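Here the structure comes first, spelled out in structure tokens, and everything after it is commentary.
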Amino acid sequence: MPKTGTRRLESISDAAAYADILVRTIRRFIADGRLNAYRIGLRLVKVDLNDLDAMMRPVGGGA
Numbered sequence: 124m125p126k127t128g129t130r131r132l133e134s135i136s137d138a139a140a141y142a143d144i145l146v147r148t149i150r151r152f153i154a155d156g157r158l159n160a161y162r163i164g165l166r167l168v169k170v171d172l173n174d175l176d177a178m179m180r181p182v183g184g185g186a
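So, in structure tokens, the structure goes:
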């Protein structure tokens, strides 16, 4: 399987700051299955910023 890119794993709080959204929004995306999360050990949860970037899309049109 070809490698398509490098994971950019960040904590939930860092991912929320990166996207300028609330931590609970990131947690809701994970709970709803819209965003993948990776558990490391028993407590640590990371989010791939590439997955978060893929969720974002432009809104509206230019004049």
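Count along the sequence shown from 1, add 123, and you get the number used in our numbering. Cβ atoms here follow ideal geometry from the backbone N, Cα and C, with glycine treated the same way. Keep in mind it's a predicted model, so treat the numbers as computed, not measured.
Taking the straight line between their C-alpha atoms, what separation do you get for residue i and residue j?
i: alanine 154; j: aspartate 143; result: 19 Å
i: alanine 138; j: glycine 184; result: 27 Å
i: leucine 132; j: arginine 157; result: 16 Å
i: aspartate 164; j: tyrosine 141; result: Checking the sequence, you will find glycine at residue 164 rather than aspartate. Cα-Cα distance, rounded: 24 Å.
i: arginine 162; j: aspartate 171; result: 11 Å
What first and last residue would you give for the beta strand (DSSP E) that runs through residue i?
i: isoleucine 163; result: 160–163
Helix, strand or coil: how does DSSP classify residue i here?
i: proline 125; result: Note on proline 125: pLDDT 46, under 50, position unreliable in the model; no value is reported.
i: valine 182; result: coil
Original post:
In the stretch 133–179, which residue ranges form an unbroken alpha helix (DSSP H) of at least 4 residues, counting only runs that do not cross its ends?
Top reply: Under the rule that a run must span 4 or more residues, the alpha helix (DSSP H) segments found entirely inside the stretch 133–179 read 135–142, 146–155, 172–178.
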